[in-house]
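Novice:
Residue numbers (this note's numbering): 1 to 88.
1. Taking the alpha carbon of residue 7 as the reference point, which residue from 84, 38, 80 has its own alpha carbon closest?
2. Between residue 14 and residue 74, is the Cβ-Cβ spacing less than 7 angstroms?
3. If you run the structure through DSSP and keep just helix, strand and coil, what is residue 22?
4. Distance check for residue 41 and residue 90, CA to CA, integer angstroms please.
5. DSSP three-state call for residue 83: helix, strand or coil?
6. Does the structure place the region 18-33 close enough to the region 41-59 that three or more beta carbon pairs sit under 8 angstroms?
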């Protein structure tokens, strides 16, 4: 994970904690296939509490990633079970 991703993760962790750790707010991440780029995904509730931070880092809207394709970076341990897509 590069410094930019780590910085984004820490900024989101601060907002997540400050907003009483919303059950449906989470940040996920993964590397692309060539391992050169790291991608971060935010649940809709995460966007509500961190929109400006996400936009500052160039975030764009996308569909929910598949379960098992990303790792939980910030959020409750079961966030992936409730927030990620099960359909291909």
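Beta carbons are placed, not taken as given, at the ideal position from N, Cα and C, and that holds for glycine.
Specialist: Straight from the coordinates:
1. 38
2. no
3. coil
4. Because the chain spans 1 through 88 in this model, residue 90 falls outside it and cannot be assessed.
5. helix
6. In short, these stretches touch, since the Cβ pair count reaches three.
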